[in-house]
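With the first letter of the sequence shown counted as 1, position 196 gets the number 195 in numbering that gives the first Met the number 0; the numbers rise by one all the way through. The beta carbon of each residue, even a glycine, is placed where N, CA and C say it ideally should be. Every value quoted in this text rests on a predicted model; they were computed, and no experiment measured them.
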Amino acid sequence: MLRTVNVTRYIQPLREGGSLPALAEADDDFKYVLKFRGNGHGPKVLIAELIGGEIARELGLRVPELVFAHLDEAFGRTEGDEEVQDLLKGSQGLNIALHFLSGAITFDPVVTQIDAETASKVVWLDSFISNIDRTVKNTNMLMFNKELWLIDHGSSLSFHHAWMHLEERAKSPFPFVKEHVLLAQASLLKETNEAFKKLLTPEKLQAIVALIPDSWLEWPDTDESPEALREAYSQFLITRLNHSDIFTNQAQDAREALI
0 MLRTVNVTRY IQPLREGGSL PALAEADDDF KYVLKFRGNG HGPKVLIAEL IGGEIARELG
60 LRVPELVFAH LDEAFGRTEG DEEVQDLLKG SQGLNIALHF LSGAITFDPV VTQIDAETAS
120 KVVWLDSFIS NIDRTVKNTN MLMFNKELWL IDHGSSLSFH HAWMHLEERA KSPFPFVKEH
180 VLLAQASLLK ETNEAFKKLL TPEKLQAIVA LIPDSWLEWP DTDESPEALR EAYSQFLITR
240 LNHSDIFTNQ AQDAREALI
């Protein structure tokens, strides 16, 4: 289970992303990077953040702690920025937040060389969850205490923005892997695929999907119940895992073409 915190202070917007995340403080006295359900793409961004982050953690990769962040309806009434105030008003209730790693710096592939095992794990993860946002322009990784940390998985699981042909899309390759910032170092993709297929069981994937709050599954464009939507997420991920050779082989081919 994820912890739930109450947001007590909005510190400043972080305008790197289109969803206007913010640095905020909670009632446990920790700072968090807060992502709002009132963003332009709605709660699906939060669902992708939750599923992507917790799968990464299950695979042994470093991800800042994810928490549910409750936003009171009175929060943000004194915010002077009209755009931010609208975002806060539209984000009452449960949001998601990542523990703020104070002193962390953005990963720079020119400065830091990542070992083949770690690179292969990150490339496999991003191919599995269809994360388009780990490129040279936007690495979405941090160096903290000389270790690599993964952040920002909100652009993953692109299938849920269309919600059709789920089985076909679950078995599809991941063409954007050719842009991955760590692809050149990922020389152990086959070994990683074999290990991760054993590590990620259907039960583990279902347990991660079960974390999605009901309020994030109330979509205006569907009459499906939260239970039915969770089942669809689970089946998509299980099917994709069972056919992981497809995206693994494509990543290997893209790497060979790159180097």
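| query | result |
| --- | --- |
| Checking 9 Å against the spacing of the C-beta atoms, do Ile-54 and Leu-228 come in under that value? | no |
| At 3 residues or longer, what runs of the beta strand (DSSP E) sit wholly inside the region 145–185? | 146–149 |
| Beta-carbon separation of Glu-57 and Ile-207 under 9 Å? | yes |
| Can you check which of these residues, Leu-210, Ser-243 and Lys-177, is closest to Ile-258 by C-alpha distance? | Lys-177 |
| Under 9 Å between the Cβ atoms of Val-180 and Leu-147? | no |
| Could you say which of Asn-5, Asp-28 and His-40 lies nearest to Pro-219 if we only look at CA atoms? | His-40 |
| Is the beta carbon of Leu-100 sitting closer than 9 Å to the one on Pro-42? | no |
| Does DSSP put Ala-206 in a helix, a strand or coil? | helix |
| What is the residue span of the alpha helix (DSSP H) that Pro-12 lies within? | Taken as a continuous stretch (DSSP letters only), Pro-12 belongs to no alpha helix (DSSP H), being part of the beta strand (DSSP E) at 3–12. |
| Can you tell me whether Val-32 sits near the ligand NAD, meaning its C-beta is under 8 Å from at least one heavy atom of the ligand? | This structure lacks the ligand NAD; in fact it carries no ligand of any kind. |
| So Leu-19 and Leu-86 are supposed to be a Cβ contact under 8 Å. How far apart are they, rounded? | 6 Å |
| Give me, in chain order, the residues of the same chain whose beta-carbon lies closer than 6 Å to that of Arg-36; leave out the 5 immediate sequence neighbours on both sides. | Pro-42, Leu-45, Ser-90 and Asn-94 |
| If we ignore side chains and look at the alpha-carbon of each, how far apart do Asp-107 and Pro-225 end up? | 40 Å |
| Taking the alpha carbon of Ala-73 as the reference point, which residue from Ser-186, Arg-8, Leu-204 and Glu-48 has its own alpha carbon closest? | Arg-8 |
| Could you check what DSSP says for Lys-136 in three-state terms: helix, strand or coil? | coil |
| So for Leu-87, helix, strand or coil by DSSP? | helix |
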